[in-house]
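Working notes for the structure below.
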Amino acid sequence: MTGEYFTDYTAVLVATIAGAVMVLSGFLAAMVVSPRARSAMKDIPYECGVVPFPGRGWTQTHIRYYLFAILFLVFDVEAVFLFPWAVIFLGPEVASAVFYEMLVFMGILFFGLIYAWKKGVLEWR
Amino acid sequence: MAVSALATGCQPPGFFDGQNLWHEWVVNFFPRIGDSICRGMGGHADGGPPNWLIYLVLGFLGSLIVVNIAALGVPFVVLLERKLLGRFQNRIGPNRVGPFGLLQPVADALKLMTKEDITPAAADKIVFALAPLAFAIPIILMFAPIPWADHASLANLDIGILWVIAVTTAAEAGIFMAGWSSNNKYSLFGAMRAVALLVSYEIPLVLSLLGVVLLAGTLNLSEIVLDQRFAPNILWQPLGFFVFIIAVSAELNRAPFDQLEAESELVSGFHTEYSGMKWAMVQLGEYAALIGFSAIIATLFLSGWKGPLWIPGYIWLVTKMAFILCAFIWVRATIPRMRIDQIMAFGWKFLLPLSIINIFATAAEVIAFPDALPYWLIPINIAFAGACVVGMAKLLGFQPKTRKIVIPGRPVIGDDTPGRIVPLMRGGN
Numbered sequence: 609m610t611g612e613y614f615t616d617y618t619a620v621l622v623a624t625i626a627g628a629v630m631v632l633s634g635f636l637a638a639m640v641v642s643p644r645a646r647s648a649m650k651d652i653p654y655e656c657g658v659v660p661f662p663g664r665g666w667t668q669t670h671i672r673y674y675l676f677a678i679l680f681l682v683f684d685v686e687a688v689f690l691f692p693w694a695v696i697f698l699g700p701e702v703a704s705a706v707f708y709e710m711l712v713f714m715g716i717l718f719f720g721l722i723y724a725w726k727k728g729v730l731e732w733r
Numbered sequence: 008m009a010v011s012a013l014a015t016g017c018q019p020p021g022f023f024d025g026q027n028l029w030h031e032w033v034v035n036f037f038p039r040i041g042d043s044i045c046r047g048m049g050g051h052a053d054g055g056p057p058n059w060l061i062y063l064v065l066g067f068l069g070s071l072i073v074v075n076i077a078a079l080g081v082p083f084v085v086l087l088e089r090k091l092l093g094r095f096q097n098r099i100g101p102n103r104v105g106p107f108g109l110l111q112p113v114a115d116a117l118k119l120m121t122k123e124d125i126t127p128a129a130a131d132k133i134v135f136a137l138a139p140l141a142f143a144i145p146i147i148l149m150f151a152p153i154p155w156a157d158h159a160s161l162a163n164l165d166i167g168i169l170w171v172i173a174v175t176t177a178a179e180a181g182i183f184m185a186g187w188s189s190n191n192k193y194s195l196f197g198a199m200r201a202v203a204l205l206v207s208y209e210i211p212l213v214l215s216l217l218g219v220v221l222l223a224g225t226l227n228l229s230e231i232v233l234d235q236r237f238a239p240n241i242l243w244q245p246l247g248f249f250v251f252i253i254a255v256s257a258e259l260n261r262a263p264f265d266q267l268e269a270e271s272e273l274v275s276g277f278h279t280e281y282s283g284m285k286w287a288m289v290q291l292g293e294y295a296a297l298i299g300f301s302a303i304i305a306t307l308f309l310s311g312w313k314g315p316l317w318i319p320g321y322i323w324l325v326t327k328m329a330f331i332l333c334a335f336i337w338v339r340a341t342i343p344r345m346r347i348d349q350i351m352a353f354g355w356k357f358l359l360p361l362s363i364i365n366i367f368a369t370a371a372e373v374i375a376f377p378d379a380l381p382y383w384l385i386p387i388n389i390a391f392a393g394a395c396v397v398g399m400a401k402l403l404g405f406q407p408k409t410r411k412i413v414i415p416g417r418p419v420i421g422d423d424t425p426g427r428i429v430p431l432m433r434g435g436n
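Protein sequences, first through last, are from chains A and B.
This note's numbering applies: residue 609 is where the first sequence begins, and numbers increase by one.
This note's numbering applies: residue 8 is where the second sequence begins, and numbers increase by one.
Laid out in structure tokens, this is it:
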């Protein structure tokens with residue numbers, strides 16, 4: 609069993625290396641073939657051809673991204689709990705208690721979603 | 008275990024006693040070639056080269072096939088997309104290079120290779136160069152657990168579904184690296200939108216898969232295919248399929264969810280500053296993800312490599328993938344791009360409740376019929392899915408309610424009465 613486990617992930621490792629070799633060989637070929645003609649105008653950020661709007665490129669972004677990130681965190685952790693639950697669900701000791709426990713767990717989170725909805729967090733403002 | 012499995016791996020297909028080893032992928036995919044390589048290298052326990060060398064060579068062959076599915080499949084998917092989009096728009100599409108434009112991908116590749124590779128002076132150069140790598144490699148790894156035929160996956164991972172989700176989400180880090188390192192406002196906005204979109208659609212994507220996991224009782228993709236021997240999962244899981252295919256098209260940043268590379272406002276978003284081969288690699292990652300996800304959809308919901316006729320498994324799988332690809336292209340040609348507030352609302356208010364309903368409906372069915380779901384549940388499931396989708400749409404409403412938009416400290420800039428244009432993106436992107 610452990611043998612299969614390791615050979616499977618060896619294949620993944622080899623595929624990683626093969627993918628990296630593919631991408632890097634593409635870069636290498638382009639480096640050999642492609643022309644090089646640097647100019648000051650090419651070096652500026654592209655903003656549809658006009659001189660860029662003054663200010664840093666790394667501008668600040670809005671707080672609403674942060675709110676969605678928090679909601680995502682809550683529900684993604686929930687998904688992590690749901691995967692093992694779904695795998696053992698068909699197991700030999702199927703009990704409806706497992707079902708109701710998860711119903712309660714999801715109910716609490718669903719209540720959280722409705723709370724966020726009513727608070728207007730889900731509106732993109 | 009490894010030695011005996013290697014010995015059986017050199018037998019022709021059909022002799023496998025339920026052992027899933029990754030080098031069988033090669034042996035199964037190309038029975039003659041894989042077998043003769045295995046034998047030619049002396050793939051037996053006594054004598055010959057060491058086992059790890061055989062594993063390495065065969066694993067490298069399998070990886071080569073996977074990488075080539077991405078590298079050679081992508082140009083032809085791009086050609087298919089351009090051709091079909093042309094037809095949808097009553098044009099002909101590319102038809103100049105070669106017969107029926109078939110050599111267009113070759114011409115594109117040559118063109119991209121001979122383009123100058125520009126790095127903006129203000130960019131974070133190391134991250135800028137690493138971003139295409141960080142984007143393309145996880146997408147290639149996504150192909151690892153996909154079973155192309157019986158026992159024919161590069162790596163028969165027991166956590167197959169989780170692996171696919173994890174790896175495709177890791178690719179999103181490449182998108183953010185690309186957008187951030189460009190030091191361009193539009194690229195950064197595109198990258199932020201990409202993350203927001205990923206964050207919103209990751210949850211419905213993961214939760215809609217759980218119905219399939221509940222039915223199969225495993226995360227292993229090969230076993231999920233075998234579990235669909237009676238009927239494909241789309242019949243048991245119509246609601247899950249509906250949510251999954253929408254969430255996937257958002258995850259792939261495809262229309263109507265391509266807000267992050269909206270050409271008309273962000274000049275293609277996170278890869279504005281990319282050119283030449285780096286741009287080609289970003290594009291390769293995007294389309295390879297499209298191919299990979301169509302294979303995943305075919306595997307999870309359309310019974311993968313299994314088919315009613317005796318045709319090799321990979322031909323069935325590729326046929327189903329082609330149908331899904333054409334469906335994605337059809338959607339892109341038909342539905343206009345959504346606004347970002349509509350996208351976020353759609354993900355959180357429409358898809359997420361539907362996916363949670365799907366989980367508990369499926370769990371209740373599994374509790375009621377623990378052995379196997381009866382066939383008469385199929386029309387009930389489809390009707391239930393339709394009722395849920397229509398009911399949810401009615402509940403949320405198709406039209407936004409009329410409301411005054413007031414920004415504190417500023418005058419009223421508009422209301423939603425017909426005939427007036429309301430600025431919907433306020434306070435930055």
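Every residue gets a Cβ at the ideal spot worked out from N, C-alpha and C, and that includes glycine.
_Within 10 Å of its beta-carbon, does B:Pro106 have 16 or more other beta-carbons around it, so buried, or fewer, so exposed?_
Taking the first residue of the second sequence as position 1, residue 106 of chain B is located at position 99. With fewer than 16 Cβ atoms within 10 Å of its Cβ, B:Pro106 is classed as exposed.
*Shorter than 7 Å from the beta carbon of B:His278 to some beta carbon of chain A?*
The sequence position of residue 278 of chain B within the second sequence is 271, counting from 1. Chain A contact via Cβ: absent.
*asked:* Can you find the residues in the same chain that come closer than 6 Å, C-beta to C-beta, to B:Gly519, ignoring five residues on each side of it along the sequence?
replied: Here chain B comprises residues numbered 8 to 436, so residue 519 of chain B is not present and cannot be evaluated.
*Determine, using beta carbons only, whether A:Gly627 comes closer than 7 Å to chain B.*
On the first sequence, residue 627 of chain A is found 19 positions in, with the first residue counted as 1. It does; some Cβ of chain B falls within 7 Å.
*Classify A:Gly728 as helix, strand or coil using the three-state DSSP reduction.*
Here the question's residue 728 of chain A lines up with position 120 in the first sequence. Of the three classes helix, strand and coil, the one that applies to A:Gly728 here is coil, per DSSP.
_Please classify A:Leu681 as buried or exposed, where buried requires at least 16 neighbouring CB atoms within 10 angstroms._
The sequence position of residue 681 of chain A within the first sequence is 73, counting from 1. Exposed, since its Cβ has fewer than 16 Cβ neighbours within 10 Å.
*asked:* Suppose only complete runs of 4+ residues qualify. What are the alpha helix (DSSP H) ranges in the segment 249-321 of chain B, listed by chain order?
replied: 270-273, 283-308
*B:Ile146: which of B:Tyr294, B:Asp265, B:Val396 sits nearest, CA to CA?*
As a working note, residue 146 of chain B is residue 139 in the second sequence. Taking only the C-alpha atoms, the option nearest B:Ile146 is B:Tyr294.
*asked:* As a quick exercise: from A:Ile678, A:Ala619, A:Leu711, pick the residue whose alpha carbon is nearest that of B:Leu370.
replied: Here residue 370 of chain B refers to the residue found at position 363 when the second sequence is read from its first residue. Here the sequence assigns Ala to residue 370 of chain B, which means Leu is not the residue at that position. Closest option to B:Ala370, Cα to Cα, is A:Leu711.
*Is the beta carbon of B:Ser1 less than 7 Å from the beta carbon of B:Ala130?*
Because residue 1 of chain B is not part of the residues shown, which for chain B are 8 to 436, the question remains open.
*Do A:Leu730 and B:Trp355 have their C-beta atoms within less than 7 Å of each other?*
Numbered from its first residue, the first sequence carries residue 730 of chain A at position 122. Numbered from its first residue, the second sequence carries residue 355 of chain B at position 348. The answer is yes: Cβ separation under 7 Å.
*Mind reading off the beta-carbon distance from B:Pro154 to B:Trp170? Whole number of angstroms is fine, and I expect it under 8 Å.*
To locate residue 154 of chain B, count along the second sequence from 1; it is residue 147. To locate residue 170 of chain B, count along the second sequence from 1; it is residue 163. The pair is not a contact, with the Cβ atoms about 13 Å apart (cut-off 8 Å).
*Starting from B:Pro127, find everything on chain A with Cβ-Cβ shorter than 9 Å and list it in chain order.*
The count along the second sequence starts at 1 and reaches residue 127 of chain B at position 120. By Cβ distance, chain A contributes Lys650, Asp651, Ile652, Pro653, Tyr654, Gly665.
*Measure the Cβ-Cβ separation of B:Ile125 and B:Ser282 and say whether it is below 7 Å.*
Mapped onto the second sequence, residue 125 of chain B falls at position 118. Mapped onto the second sequence, residue 282 of chain B falls at position 275. In contact: B:Ile125 and B:Ser282 (Cβ atoms closer than 7 Å).
*Per the contact definition of three or more C-beta pairs closer than 8 Å, is the segment 97-117 of chain B in contact with the segment 323-337 of chain B?*
Short answer: they don't touch.
_Are the CB atoms of B:Leu148 and A:Ala623 within a distance shorter than 7 Å?_
To locate residue 623 of chain A, count along the first sequence from 1; it is residue 15. To locate residue 148 of chain B, count along the second sequence from 1; it is residue 141. Going by C-beta atoms, A:Ala623 is nearer than 7 Å to B:Leu148.
_Suppose contacts are defined by Cβ-Cβ distances below 7 Å. Is B:Asn365 in contact with B:Gly224 by that definition?_
One-based indexing of the second sequence puts residue 365 of chain B at position 358. One-based indexing of the second sequence puts residue 224 of chain B at position 217. The answer is no: Cβ separation not under 7 Å.
*Since A:Ala705 meets chain B, which of its residues come closer than 8 Å, beta carbon to beta carbon?*
For the purposes of this step, residue 705 of chain A is taken as the residue at position 97 of the first sequence. Chain B residues near A:Ala705: none, gap ~11 Å exceeds 8 Å.
*Could I get the ranges of all uninterrupted beta strand (DSSP E) runs contained in the segment 335-410 of chain B, with 3 residues as the minimum, in chain order?*
None, since the segment 335-410 of chain B contains no complete beta strand (DSSP E) of that length.
*Could you work out which residue in B:Val396, B:Leu140, B:Met120, B:Leu233 is closest to B:Ala159 when comparing CA atoms only?*
As a first step, residue 159 of chain B is located in the second sequence; it is residue number 152 there, counting from the start. Checked all of B:Val396, B:Leu140, B:Met120, B:Leu233; the closest Cα to B:Ala159 is B:Leu233.
*asked:* Tell me which residues share the same chain as B:Phe37 and place their Cβ nearer than 6 Å to its Cβ, disregarding the 5 neighbours each side in the sequence.
replied: The residue labelled residue 37 of chain B in the question sits at position 30 within the second sequence. Because the pLDDT of B:Phe37 is 49, which lies under 50, any placement of that residue in the model is unreliable, and the number read from its coordinates should be weighed accordingly. Nothing listed; no residue qualifies.
*From B:Ala141 to B:Phe135, what does the alpha carbon distance come to, in whole angstroms?*
As a first step, residue 141 of chain B is located in the second sequence; it is residue number 134 there, counting from the start. As a first step, residue 135 of chain B is located in the second sequence; it is residue number 128 there, counting from the start. Roughly 10 Å separates the two Cα atoms.
_Within 8 Å, do at least three Cβ pairs link the segment 96-103 of chain B to the segment 649-664 of chain A?_
no
*Consider the Cβ of B:Ser70: report whether some Cβ of chain A lies at a distance smaller than 7 Å.*
Locating residue 70 of chain B in the second sequence gives position 63, counting from the first residue. Yes, because at least one Cβ of chain A sits closer than 7 Å to the Cβ of B:Ser70.
*Among B:Ala329, B:Arg94, B:Val289, which has the Cα closest to the Cα of B:Ile304?*
For the purposes of this step, residue 304 of chain B is identified with residue 297 of the second sequence, where counting begins at 1. If we check each option's Cα against that of B:Ile304, B:Ala329 comes out closest.
*Measure from the C-beta of A:Leu730 to each C-beta in chain B and report whether the shortest distance is under 7 Å.*
The residue labelled residue 730 of chain A in the question sits at position 122 within the first sequence. Contact of A:Leu730 with chain B is assigned, a C-beta pair being separated by under 7 Å.
_Contacts that A:Tyr673 makes with chain B (C-beta to C-beta distance below 8 Å)_ = Residue numbering aside, residue 673 of chain A sits at position 65 when the first sequence is read from its first letter. Simply Met199, Val202, Ala203.
*Have a look at A:Leu690 and B:Asp157 and give me their C-alpha separation to the nearest angstrom.*
Counting from 1 along the first sequence, the entry for residue 690 of chain A is found at position 82. Counting from 1 along the second sequence, the entry for residue 157 of chain B is found at position 150. Put simply, the backbone Cα of A:Leu690 is about 29 Å away from that of B:Asp157.
*So, helix, strand or coil for B:Gln244, using DSSP?*
On the second sequence, residue 244 of chain B is found 237 positions in, with the first residue counted as 1. B:Gln244 falls in the coil class under three-state DSSP.
*Secondary structure of B:Thr176, DSSP reduced to three states*: Here residue 176 of chain B corresponds to residue number 169 of the second sequence, with the count starting at 1. Looking at B:Thr176 - three-state DSSP - the assignment turns out to be helix.
*Measure the C-alpha to C-alpha separation of B:Gly93 and B:Thr326 and round it to an integer number of angstroms.*
Here residue 93 of chain B refers to the residue found at position 86 when the second sequence is read from its first residue. Here residue 326 of chain B refers to the residue found at position 319 when the second sequence is read from its first residue. Using only the alpha carbons, I get a separation of about 22 Å.
*Using a C-beta cutoff of 7 Å, does A:Leu690 count as contacting chain D?*
No chain D appears in this structure, whose protein chains are A and B.
*Using a Cβ cut-off of 9 Å, pull out every chain A residue sitting near B:Asp124, in sequence order please.*
Here residue 124 of chain B refers to the residue found at position 117 of the second sequence. Going along chain A in sequence order, the residues near B:Asp124 (Cβ under 9 Å) are Phe635, Ala638, Met639, Ser642, Arg644.
*Leaving out five residues on either side along the sequence, give the residues of the same chain with a beta carbon under 8 Å from the beta carbon of B:Leu119.*
For the purposes of this step, residue 119 of chain B is identified with residue 112 of the second sequence, where counting begins at 1. Hits under 8 Å: Gly283, Met284, Trp286, Ala287.
*Segments assigned beta strand (DSSP E), at least 3 residues, entirely inside the segment 132-200 of chain B*: none
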